[in-house]
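S.K.: Residue numbers (the numbering used here), protein chains in the order written: chain A, -12 to 64; chain B, 2 to 281. The beta carbon of each residue, even a glycine, is placed where N, CA and C say it ideally should be.
1) Starting from the C-beta of residue 58 of chain A, find all residues in its chain whose C-beta is less than 6 Å away, skip the five residues before and the five after it, and write them out in chain order.
2) So, with DSSP's three-state summary, where would you put residue 274 of chain B?
3) Between B:14, B:4, B:129 and B:3, which lies nearest to residue 263 of chain B when the distance is taken from Cα to Cα?
4) Can you look up residue 1 of chain B in the DSSP assignment and give me helix, strand or coil?
5) By how many angstroms is the C-alpha of residue 96 of chain B removed from the C-alpha of residue 273 of chain B?
6) Taking residue 180 of chain B and residue 210 of chain B to be in contact with their CB atoms under 8 Å, please state how far apart those CB atoms are, rounded to whole angstroms.
7) Kindly list, in the order they appear in chain B, the residues whose Cβ is closer than 8 Å to that of residue 90 of chain A.
8) Are at least three pairs of beta-carbons, each pair with one atom in the region 8 to 26 of chain A and one in the region 27 to 35 of chain B, less than 8 Å apart?
9) Is it buried or exposed, residue 4 of chain B, if we count other Cβ atoms within 10 angstroms and call 16 or more buried?
10) Return the chain-ordered list of same chain residues with a C-beta closer than 8 Å to the C-beta of residue 207 of chain B, the five sequence neighbours on each side being excluded.
11) Just to confirm the assignment, what range does the beta strand (DSSP E) spanning residue 301 of chain B have?
12) Whole angstroms are fine: how far does the CA of residue 12 of chain B sit from the CA of residue 111 of chain B?
13) Relative to the C-alpha of residue 249 of chain B, which residue among B:236, B:259, B:260 and B:261 is closest?
14) If you draw a straight line from the C-alpha of residue 134 of chain B to the C-alpha of residue 226 of chain B, how long is it?
15) Going by C-alpha to C-alpha distance, which of A:47, A:45, A:0 and A:38 sits closest to residue 15 of chain A?
16) Roughly how many angstroms lie between the CA atoms of residue 23 of chain B and residue 238 of chain B, to the nearest whole one?
17) For residue 56 of chain B, which residues does DSSP report across the bridge?
18) For residue 82 of chain B, I'd like the list of residues in its chain whose CB is within less than 7 Å of its CB, leaving aside the five on either flank, ordered along the chain.
19) Determine the DSSP secondary structure at residue 62 of chain B, reduced to helix, strand or coil.
20) Can you give the Cα-Cα distance for residue 196 of chain B and residue 17 of chain B, rounded to whole angstroms?
21) Is the separation between the beta-carbon of residue 271 of chain B and that of residue 52 of chain B shorter than 8 Å?
22) Keeping to the same chain, check which residues put their C-beta closer than 7 Å to that of residue 141 of chain B; ignore five residues upstream and five downstream.
23) Would you identify the three-state DSSP class for residue 241 of chain B, choosing helix, strand or coil?
24) How is the alpha helix (DSSP H) around residue 115 of chain B delimited, first residue to last?
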């Protein structure tokens, strides 16, 4: 499951791109491509463990801390 | 030892790190990401004086790619647009399975060079690029089998021990080649005396390349030229031309360091000359 803050966009604020890129709704910016691997839980990465942005925001965000949408649900992280 | 190379007017090899795998167009829209963009950037960098292009692979939206097919597309584009530049692939891949790191070595033909990260380093606040000795040996062995020269990437002084260790375990030939890297985090602190110390601790006869991240790119390249080393510049390592001003291209960064080398009396080599200098 990917990070709930992740979306793919071609534009935000004054930035625009030809191809949709990883955008972090918590940080409110496009993220570095390597960070996108964390957002997408690629390889053995887990955004709930490996992303400082997620960890910082998730505890204060009732939508994300809701087990129905939380990627940490199930206690496997 | 190295300063004698400066006094002897030994030529300098310029590497352009065109794209990298960490930041992308969100950091600088001029950073090439697609094979077509990388191919054109390689040609412009070569025209500006780069003998080697250091290459990572990305998907069309800039995210990291590791497949041999994607590296092949990039190499084909480089050969389509550039003249005769030496292609150097990355084998770095923080957090990706080790098996994926071998795939860049399997293009046809193989790259003439490939990077070899010599030890662990932290990424962001929660990741580590492990680079165990077993990984280093396995990547090196496949490079050796395919006739690929390793560019040993030394991110801190501990990695210098690993360079000596690899030379103890394997026969790297007469001209081992290491890139001394300076910057934030796990990297060696970017201070002039640390470059001198690193150069002093290289194996006898080793050639070195000098790489400073961010604002340290130009001063460390300049010091590397003075110390008889080679240099790496490019948007992978530094997206600015000067403080607050994004670089227009990789070629712009190459042009500047070529001017510095010229002023300091060191000839910048062509790709063919680089093959002789590095023993490719």
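M.R.: In this structure, then:
1) Low per-residue confidence applies at residue 58 of chain A: pLDDT is 33, beneath 50, and the placement is therefore not dependable, though the value from the model is reported in the following sentence. So the qualifying residues of the chain are -12 and 35.
2) helix
3) B:14
4) In the structure as shown, chain B starts at 2 and stops at 281, and residue 1 of chain B therefore has no counterpart that could be examined.
5) 35 Å
6) 4 Å
7) In the structure as shown, chain A begins at -12 and stops at 64. Residue 90 of chain A is therefore absent and cannot be evaluated.
8) yes
9) exposed
10) 164, 176, 177, 178 and 179
11) Here chain B has residues from 2 to 281 only, and residue 301 of chain B is not among them.
12) 26 Å
13) B:236
14) 31 Å
15) A:0
16) 10 Å
17) B:90
18) 40, 41, 43 and 44
19) coil
20) 20 Å
21) yes
22) 117, 151, 167 and 171
23) strand
24) That residue, residue 115 of chain B, is in no alpha helix (DSSP H); its beta strand (DSSP E) goes 114 to 118.
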